[in-house]
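Residue numbers (this note's numbering): 4 to 717.
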């Protein structure tokens, strides 16, 4: 740690900086009145939101060197990611992830079997224009599972009437050979709006200084989306369709005992075997063995109608997620999840500075097991929630709050006995939760705001926690569910202060979260084989306890002149289970404390052909994580490490028209070999020659992006 702090101080003194913290985030501090976010009673100004909210703009997303949308957001204070290589990322908000974070896309919850460690977020990053990050329990608006917070994805707004808009984008990354492109076309003709996009991305295996090329880390993506609708003074009615397909390899980390080289599964004379992976395997853009095939289909009807002074909004969506896993022998796992989402609410202004909202939302879900193997039983789920909220704004003080009641029914259909001689249990559970939120924000003066918020969250146990029975691939655990688990309830208090002036901005956000009936895995001390003749695996079972999380984020930005910004952020969370011994005291997958320091210079004086040009450089410093879930070797401590990044970009113009935007970014400039504490590959098998466990994260990576816009009057 001492060495890391010395590096940190030295980097701060030399004013290095991280490219991810762009001038857009600074402008957000200075223009709180201009930023609109999703509030309890419809849209509201960020300045009037008592709950902690971060808005990530289109420019920030464009200037990131990332492989998916969660990777692009993970540099924000308080946000982390559980990764499986470079292709799969799951969001973590203030130390909580998986089914405790809700992702909203096209106005509905994204349902893609998010209970699994190796299941990502099936959303095309090229389509996302901006993202709202709600930190803390948001069960009031989004029901069960929003205990940690919500990520709300926003598409680009429709063009103005009479405008045809098009753009083409391309990207290349040097480390994994990522080749990506996207094409978009949209128009507005008298309120008749339409939009279409196609995106594709493909990579070979990534490399790092310690492991070389990592077999199985390549992936491919394809995505298509379209929208057709009508926008009038009375409101709007839009139909949105989307398709997303990802084919990620599965990094198992198996190595040859004599050479330490990665091995791949093969079939010889009809029997499974292994062979050393070749250079051709590492640089292939095809899928390796084993691999996953994920498809996500979605159709959403988004409608809003003005009724009197209020607005009635109704969103109905159908989505299907299909996840298949292929081994050398062929198809093994095959999950198909179908979900119907609905959300109807009415927003109305009241007298004397009041605004109200009331409505209902929920979903109906059906999951099927179509493969020879299974971990969770087939199930059916239905839930519904009713809520009401109010906001009062009078002068410098804004008050807001509301309440919600949820009901969920989950029925396990079980499964017929399979080849491994297991049959899933049949059970039915009912869960009810009452949640609320109450907060206030006081504008002390034009430069200073104080925020307070108290909220109660609710989460029903998911099907994996209730009914899993089998080896969870990639975790090296045999997991058993517990059908008697009770729902989780949380109490969270948030306090924050924002200050902004001409040359200095600061934000401090603190939280304390107490969770009753927190669900977690514990080792039973037993070993079990899923099939006769197979190696035994350590058995784990879900249980419950009481958890407490506290921490916060600090952001400081010094801008002595308009063109120069020196920004520093620090984020940490302490997450423990109360009344537990040291081995099980700390919650698993708790992100390490992180300090970032950033320096960015923007070219204010525009040249003839270059506009909005900028250069930046910086560090991300992850302190040592000594707080880990140690039972049965589930987790280990993670050493500190520092990553150096740099970026530059500009618009190329001709006769006042933007022709091209060029962005260059370098991540891990020094090619540091490291393992993130939240990387699942950290626990891959031990290298037989070096004794080093697991696989490192991606090494030095240079990314170049090109964007060509076009906008014409029809």
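Even glycine gets a Cβ: it sits at the ideal position worked out from N, Cα and C.
For residue 586, the uninterrupted alpha helix (DSSP H) run begins and ends at 585-588, by DSSP. Assignment of residue 634 by DSSP, reduced to helix, strand and coil, places it in the helix class. Minimum Cα-Cα distance from residue 679 among the listed residues 311, 652, 625 corresponds to 625.
Nearest neighbour of residue 277 by Cα position, chosen from 428, 292, 216, 283, turns out to be 292.
Under the DSSP assignment, residue 61 falls in the alpha helix (DSSP H) whose first and last residues are 61-65. According to the DSSP secondary-structure assignment, residue 301 is paired through a beta bridge with 245, 322.
Below 8 angstroms, too few C-beta pairs join the segment 264-275 and the segment 296-310 to call them touching: fewer than three.
The C-alpha of residue 223 lies about 26 angstroms from the C-alpha of residue 320.
The beta carbon of residue 341 sits closer than 6 angstroms to those of 323, 369, all from its chain and outside the five residues before and after it, given in chain order. If you draw a straight line from the Cα of residue 580 to the Cα of residue 522, it is about 10 angstroms long.
Residue 162 and residue 230 have their C-alpha atoms roughly 13 angstroms apart.
Proximity of the segment 82-101 to the segment 150-158 meets the contact definition, three or more beta-carbon pairs being nearer than 8 angstroms. In this structure the segment 658-674 does not lie against the segment 548-556, because fewer than three pairs of beta carbons, one per stretch, are closer than 8 angstroms. Selection 490, 489, 475 evaluated against residue 483 yields 475 as nearest (Cα-Cα).
According to the DSSP assignment, residue 470 belongs to no beta strand (DSSP E) but to the alpha helix (DSSP H) extending over 466-470. By the Cβ-count criterion, residue 575 is buried, with 16 or more other Cβ atoms from all chains shown falling within 10 Å of its own Cβ.
CA-to-CA, the gap between residue 346 and residue 497 works out to about 27 angstroms. Straight-line spacing of the CA atoms in residue 104 and residue 138 works out to 10 angstroms. Distance from residue 594 to residue 83 at the Cβ level is roughly 4 angstroms; contact confirmed, criterion being Cβ atoms closer than 8 angstroms. DSSP places residue 474 within a strand segment (E or B) once states are collapsed to three. Less than 9 angstroms divides the Cβ of residue 88 from the Cβ of residue 684. Your pair residue 531 and residue 470 does not check out as a contact, with CB atoms roughly 17 angstroms apart and the cut at 8 angstroms.
With respect to the 9 angstroms criterion, residue 287 and residue 242 are not classified as neighbours on the basis of their beta carbons.
When DSSP reads this structure, residue 276 sits in a beta bridge with 269. When rounded, the separation of the alpha-carbon atoms in residue 384 and residue 116 is 13 angstroms. Around the beta carbon of residue 237, fewer than 16 other beta carbons lie within 10 angstroms, which makes this residue exposed.
For residue 101, no beta strand (DSSP E) encloses it, and the DSSP letter there is neither H nor E. Counting C-beta pairs with one atom in each stretch, the segment 48-64 and the segment 396-414 have three or more that are closer than 8 angstroms, which means they touch. Sequence-distant Cβ neighbours of residue 328 in its own chain, meaning closer than 6 angstroms and more than five residues away, are 295, 335, 336. The Cβ neighbour count for residue 107, taken over all protein chains shown within 10 Å, is at least 16; the residue is labelled buried.
Judged by beta-carbon spacing, residue 466 lies beyond the 9 angstroms limit of residue 437, meaning their Cβ atoms are not closer than that value.
The Cβ-Cβ distance between residue 413 and residue 381 does not fall below 9 angstroms. Contact annotation: residue 180 and residue 206 have beta-carbon atoms nearer than 9 angstroms. Taken in chain order, the unbroken stretches of beta strand (DSSP E) that lie wholly in the segment 68-147 and span 3 residues or more are 82-87, 91-96, 104-108, 133-138.
Residue 707 and residue 655 have their C-alpha atoms roughly 15 angstroms apart.
Beta-bridge analysis with DSSP links residue 501 to 452, 510.
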